[in-house]
Amino acid sequence: MIYHVLPGDAVANDFRKTDIGGRIVVCRECLIVGPVDADTPFEFWEQRAHFILSEYAEDEIGFQERVADELEKLSDVEAGDEVNLWFEYELFCQSNMWFCLSLLDGPDADIYRVEPAVRSKDDIWNGFGLLTPADLRECFKRRTKFETADLKLGHDLWQAYRTGDHDRLRKLSTSNSPCFPYLAEVCDAEINKSTRPQQIIREIVEEGTTDFGEIFTEFTKRAGEYGFGDLQVQNLLDRL
């Protein structure tokens, strides 16, 4: 079986136009915000559901069906299967990918990283957005296989991330792996996540910008490494 884990419904819709075969799993989580440390899968999904309910007013049953049950499909992966993790470079996607790697820690499957490799250096934080089916096929063609050392690094990154171990993240950020480009920038973003995004929002507002669309666009220019969506930026704005 071939699996394609895709970062959201928009990318999944574009992926379906590529005619690349395989089973689609859509990652709809947002692990860049909220609690992520739990001892068991049940506790993990329970605390995530409570957080999503309190933060975004989505009901827990809907969260279980749309998010948790979807990612639980990865428990069906068996030895010899192929799993393609389609994730972008920024922290939003990276934290989700680290989690997916933790779910795949068991079956001896062939795991690949598919990144937005067609992006220029000046455009890396835009990810798969607005790429054509031909672009996505080229990204797939350039995929990178996770070797044993890469899988261990992914496991270590998730453990450090979920426990908030910034000293460990700092050390891991210097690792050299083709499966984790821009790792230093992403780890630094996480280490400063509690202060830097809020400070950037404050600076933008103090400069006189009041329209939310303009605030969001400017925040993305200054802090694209976070990959925040409009909901996360709105929450930052509400907390000023």
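Per this note's numbering, the very first residue in the sequence shown carries number 14; after that it's consecutive.
Where a beta carbon is used, it is the ideal one built from N, C-alpha and C, also for glycine.
Check	Outcome
Phe59 to Pro48, Cα distance in whole Å?	This sequence places Glu at residue 59; Phe is not what is there. Cα-Cα distance, rounded: 10 angstroms.
Just to confirm before moving on: does the CB-CB distance between Asp52 and Thr176 stay below 7 angstroms?	no
Give me the Cα-Cα distance between Arg215 and Phe232, rounded to the nearest whole angstrom.	10 angstroms
In whole angstroms, what is the alpha-carbon distance linking Lys134 and Leu253?	32 angstroms
Nearest-angstrom Cα distance between Leu153 and Cys43?	A quick correction: the sequence has Phe, not Leu, at residue 153. If you take the alpha carbons of Phe153 and Cys43, they lie about 24 angstroms apart.
Under the rule that 16 or more other beta-carbon atoms within 10 Å means buried, what is Gly121, buried or exposed?	Correcting the residue type first, residue 121 is Asp in the shown sequence and not Gly. Looking at its Cβ environment, which holds fewer than 16 other Cβ atoms inside 10 Å, Asp121 is exposed.
Just checking my contact of Ile45 with Phe105 at CB under 8 angstroms: how many whole Å lie between their CB atoms?	5 angstroms
Nearest CA to the CA of Gly35: which residue from Gly237, Asp94, Pro54 and Glu73?	Asp94
For Leu144, does the three-state DSSP call read helix, strand or coil?	coil
Do Trp99 and Leu19 count as a contact pair if the criterion is CB distance below 7 angstroms?	yes
Give every residue of the same chain whose Cβ lies closer than 6 angstroms to the Cβ of Cys192, excluding the five residues on either side of it in the sequence, and list them in chain order.	Arg126, Thr157, Phe159 and Asp163
Return the bridge partner residues of Asp123 from the DSSP annotation.	Glu95
According to DSSP, is Thr233 part of a helix, a strand, or is it coil?	helix
Alpha carbon to alpha carbon, how far is Ala147 from Asp32? Give it in angstroms, no decimals.	10 angstroms
Please classify Ser167 as buried or exposed, where buried requires at least 16 neighbouring CB atoms within 10 angstroms.	The sequence as given places Gly at residue 167; Ser does not occur at that position. Under this definition Gly167 is a buried residue.
Below 8 angstroms, can you find three or more Cβ-Cβ pairs linking the region 204-218 to the region 108-116?	no
Between Ala62 and the rest of its own chain, which residues show a CB-CB distance below 7 angstroms, the 5 nearest in sequence each way excluded?	Glu73, Phe76 and Gln77
So, at 6 angstroms on beta carbons, what are the nonlocal neighbours of Glu91 in its own chain, with the 5 sequence-adjacent residues on each side left out?	Pro120
DSSP three-state label for Leu254, please.	Limits of the chain in this structure are 14 at one end and 253 at the other, which puts residue 254 out of reach.
For Gln245, collect the residues of the same chain with a Cβ closer than 7 angstroms to its Cβ; drop the 5 residues on either side in sequence, then sort them by chain order.	Val46
So, is Glu103 buried or exposed, given that buried needs 16 or more other C-beta atoms within 10 angstroms?	buried
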